[in-house]
């Protein structure tokens with residue numbers, strides 16, 4: 001499963017990163033990029049001359065591979081076009097100082113754009129002749145919102161008719177895939193006429209394409225575009241230049257440039273692995289989920305687990321860790337004393353059982369995911385581990401290999417008073433709140449390191465603002481899911497209650513029986529009657545069914561493929577709660593319409609507890 005060595009030159013547009021031009025150059029070099037696309041506004045705002053920027057790039061080991069953008073070259077006004085050529089010639093002066101010979105020319109989006117393809121080709125040819133005299137080249141790109149050229153096929157036809165060695169294509173994945181343009185005709189384009197390739201992913205958005213492009217682009221593997229197939233088509237056509245990132249994203253441009261650049265180079269590594277079919281494909285199961293709790297919350301956490309049918313089954317020999325089990329589900333409870341708050345609880349780690357733990361760790365290392373530093377005492381299992389961007393530690397273990405079996409560090413115990421079995425048989429998913437600045441990076445992590453696939457992307461309203469959700473699942477037979485939930489916008493000070501909720505969803509075959517078996521003091525979340533009145537009206541449910549689920553505080557949803565019944569516990573400590581889930585039929589995803597009800601119920605429960 002080890003990734004193949006990187007084969008392509010990797011570059012990034014400076015517009016992807018925050019900070020001054022020097023901040024961006026340092027971040028790109030630190031992350032391991034080979035070069036940059038220099039975004040003209042970054043140079044204009046810099047106190048360094050073009051020659052000084054060139055020297056700085058040389059010091060950092062970066063090539064300047066493209067200068068961009070040059071807008072509105074063609075014009076129906078002949079005199080304006082001549083002025084545009086003068087403007088272009090002056091850009092060539094700057095490029096000569098920078099030491100770059102390729103400029104990006106965008107299709108015209110203004111009112112005087114040339115519509116006649118032959119006239120456009122003639123103007124491109126004239127620009128090409130100027131470029132050739134200056135030792136420069138032009139990469140012509142179709143903007144998705146161009147006035148007369150907005151498809152890559154149109155830009156290629158203009159380049160083909162221009163028939164000049166200094167004029168070629170720039171292919172931008174966003175401009176092409178946002179218009180759902182076919183790539184089949186790319187086979188007819190000579191590879192040496194593709195001068196440059198720009199890559200950007202994006203979520204599906206039903207909105208103005210210009211605004212979509214300016215605010216919502218993502219790095220490859222973080223959105224909904226099939227960039228592996230796109231890039232393969234360009235490479236198959238004969239392109240041999242850099243794989244370059246051009247991503248306009250509001251979050252990236254206010255985040256740490258170093259962290260963003262590392263995420264960016266990781267995305268290209270994952271893309272290359274996808275081209276080589278080297279991303280994880282082997283099966284894994286969930287060995288354990290670890291909760292960290294403070295001494296203040298230990299009794300509450302243990303009571304909740306016991307009430308849900310879990311029993312302590314083993315204790316760590318050297319650490320304050322207890323394994324709680326029910327059927328094949330294991331929850332590790334770790335007592336921590338260095339938490340920021342006395343009531344802190346958190347999902348600290350997930351352990352994945354696989355035949356090749358070291359292979360998964362090697363995949364992570366090949367994608368610039370740092371190994372998690374750990375203190376391993378003599379005789380303890382040295383388990384490969386990495387830190388996910390959402391803060392959860394990910395362990396790779398193997399029950400078939402003694403040296404990588406997490407259980408070797410535990411002593412089995414058989415305590416008295418074992419809890420009654422509640423019929424919880426597996427973990428359906430865990431939900432974590434990814435940091436605002438690392439949400440998309442988290443998506444890439446679970447896709448590339450663990451081979452998970454997106455099952456559902458959605459937004460829903462909460463009591464304190466919109467929440468976005470991205471559910472990823474491992475391939476069957478595991479089917480384990482990770483849900484990344486977080487605020488759509490960065491939150492301010494008005495964020496009462498639980499700001500970063502996390503939960504573990506347990507599967508059961510019969511939720512009515514499971515809840516009926518729980519003790520009376522089980523911390524099941526109370527759902528308001530208004531929910532059930534609305535539910536019955538919406539879904540035309542029988543009185544008997546609604547009364548049964550109301551008594552047990554079960555929430556319900558159905559789709560054309562199945563049903564989803566679920567109940568929640570109160571929040572334990574600062575942020576963790578549990579969910580009990582019964583899936584009927586082939587219900588996919590989660591009933592996000594129930595989420596605002598659950599959130600409001602949690603707020604009400606915590607306020608009632610605070611005033612008790």
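Residue numbers (UniProt numbering): 1 to 612. Glycine residues also receive a C-beta, built at the ideal position from the N, C-alpha and C atoms. If you're wondering where the values come from, they're calculated on a predicted model, not measured in any experiment.
Annotation for residue 91: no beta strand (DSSP E) segment contains it, though the alpha helix (DSSP H) segment containing it runs 78-98. Distance from the CA atom of residue 151 to the CA atom of residue 121, rounded to whole angstroms, is 15 Å. In this structure, the straight-line span from the alpha carbon of residue 48 to that of residue 15 is close to 17 Å. In this structure residue 110 is exposed. Its beta-carbon is surrounded by fewer than 16 other beta-carbon atoms within 10 angstroms. Rounded to whole angstroms, the Cβ separation of residue 462 and residue 599 is 5 Å, and the two are in contact under 8 Å.
Around the C-beta of residue 294, 16 or more other C-beta atoms lie within 10 Å, and the residue is accordingly described as buried. Going by DSSP, residue 330 is part of no alpha helix (DSSP H) but of the beta strand (DSSP E) stretching over 329-335. A straight line joining the alpha-carbon of residue 361 with that of residue 236 spans about 31 Å. When the beta-carbon positions are compared, residue 32 and residue 63 stay at least 7 Å from each other. Looking at 573, 480, 130 and 187, the one whose alpha-carbon comes closest to that of residue 302 is 573.
Fewer than three pairs of CB atoms, one per stretch, sit closer than 8 Å, so the segment 542-553 makes no contact with the segment 317-335. Counting C-beta pairs closer than 8 Å gives three or more between the segment 171-186 and the segment 208-216, which meets the contact rule.
Distances from the CA of residue 588 to each of 92, 479 and 487 were compared; the closest alpha carbon is that of 479.
Judged by DSSP in its simplified three-state form, residue 530 adopts helix. In this structure, the alpha-carbon of residue 468 lies about 16 Å from that of residue 481. Boundaries of the beta strand (DSSP E) harbouring residue 567: 562-568, taken from the DSSP string. Just so you know, the alpha carbons of residue 579 and residue 188 end up roughly 54 Å apart. Spatial neighbours of residue 575 in its own chain (CB-CB distance under 7 Å, excluding positions within 5 residues in sequence) are listed in chain order as 345, 346, 498, 500, 501 and 502. Residue 125 and residue 186 have their C-alpha atoms some 22 Å from each other.
DSSP lists 288 and 395 as the bridge partner or partners of residue 351.
For residue 67, the uninterrupted beta strand (DSSP E) segment begins and ends at 63-70.
Distance from the CA atom of residue 29 to the CA atom of residue 438, rounded to whole angstroms, is 21 Å.
About 7 Å separates the beta carbon of residue 444 from that of residue 263, a gap short enough to meet the 8 Å contact definition. Within the DSSP secondary-structure output, residue 57 pairs in no beta bridge. In the structure shown, residue 297 adopts helical secondary structure according to DSSP, grouped into three states.
No Cβ-Cβ contact shorter than 7 Å links residue 94 with residue 41.
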